[in-house]
Ligand code: FO1
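Numbering (the working numbering), first residue to last: 103 to 414.
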């Protein structure tokens, strides 16, 4: 268990990661939590830099998120998008008016020469977030999917093509030229525990792990590095994790997630419904905890975070 003054680092994607973080912030003082957010699903739209996962985390932790979708801002309007569509702008990526302000401000600050770490810190402060939210890198490293229907950027695959194409390969564009921000390195070097939130292994956690030096920072001491499976009973709460597991040659289950993370984490959390994988995951060299990982209510989120923190 992390001691009173030790920090917890969480690698997280969007919706699933945010739900877990909400629970964790009831168990660990938010000031002791550093979140390393995926930016592989970032995109540029009308010249604006959009960071969906960073924004989903920030909106969730600040209570602004549209809970029915899991992303975007609640009660947002789409007036700007409607006007853009009249000019012929393809409106498949639905950016709300309030959300747009975040993208405008982020792009403005980036164009002034600030880095994404500083910009994210300023946005988080304005939203009142007490944890530290860091992008995995300052660089633009959009994830590309090679599919049976051509090469697609992640949001094209997720939103425009509704995850139908068959994925053959994932390319973390520009990742080799990127680097870990100094603040990420510091957080990793001092954390008592590192958690991989229940996020898609390939498109949320995968890009973070591929930033040069990230995997060696994860391994820098014998502290717990714990992954919570985003797949339960062969189903993901949201998104294409199970479909991708099978298309990329892994078992379409929590076991497949554990196989993907072999050598990266030393602890793995399975849901009760997947207790049948206990021995197989253990054989991958991980300590295994079996608990309820399905997060419907706030109480579920808190209970999951507590059982992870108290176990290791
Ligand atoms: N998801 C959708 O399914 N449809 C959308 O139109 C959409 C717009 C959008 C705008 C801003 C934002 O921050 C997220 C948005 N998302 C949308 C969610 C996003 O595609 C995914 O949740 C993440 O990229 C995956 O983690």
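The C-beta atom is built at its ideal place from N, Cα and C for all residues, glycine as well. The structure presented is a predicted model; accordingly, all values stated were derived computationally and were not measured.
The continuous alpha helix (DSSP H) containing residue 309 extends over residues 308-312. If you look at residue 224, you'll find it in the alpha helix (DSSP H) that goes 218-229. If you keep only unbroken alpha helix (DSSP H) runs of at least 4 residues inside the stretch 312-347, you get 316-320. For residue 110, no alpha helix (DSSP H) segment is defined; the enclosing uninterrupted segment is the beta strand (DSSP E) at 109-114. With fewer than 16 other beta carbons inside 10 angstroms of its own, residue 284 counts as exposed. In this chain, residue 290 is not harboured by any beta strand (DSSP E); it is covered by the alpha helix (DSSP H) spanning 284-292. Around the beta carbon of residue 273, a 10 Å sphere encloses fewer than 16 other beta carbons of the protein chains shown; the residue is thus reported as exposed.
At least 7 Å separates the beta-carbon of residue 129 from that of residue 296. Going by beta carbons, residue 157 and residue 140 fall outside the 7 Å limit.
By the Cβ neighbour-count rule, residue 276 is exposed, with fewer than 16 other Cβ atoms within 10 Å of its own.
Taking every protein chain shown into account, the CB of residue 291 has fewer than 16 other CB atoms within 10 angstroms, so this residue is exposed. Taking the Cβ of residue 207 as the reference point, every heavy atom of the ligand FO1 lies at 6 Å or farther away. Residue 366 sits in coil when the DSSP states are folded into three classes, being neither helix nor strand. Ranking 388, 217 and 357 by CA distance to the CA of residue 282 puts 217 first. For the options 294, 179, 239 and 164, the alpha carbon positioned closest to that of residue 316 is the one of 239. Across the set 146, 163 and 147, the C-alpha of 163 shows the shortest separation from the C-alpha of residue 135. For residue 243, the three-state secondary structure derived from DSSP is coil. Annotation for residue 119: the continuous alpha helix (DSSP H) segment containing it runs 117-129.
Closer than 6 Å to some heavy atom of the ligand FO1: that does not describe the Cβ of residue 235. Here the alpha carbons of residue 349 and residue 249 stand approximately 10 Å from one another. Exposed is the label assigned to residue 203, since fewer than 16 other Cβ atoms lie within 10 Å of its Cβ. The closest heavy atom of the ligand FO1 lies 6 Å or more from the beta carbon of residue 347. Residue pairing by DSSP leaves residue 359 without any beta bridge partner.
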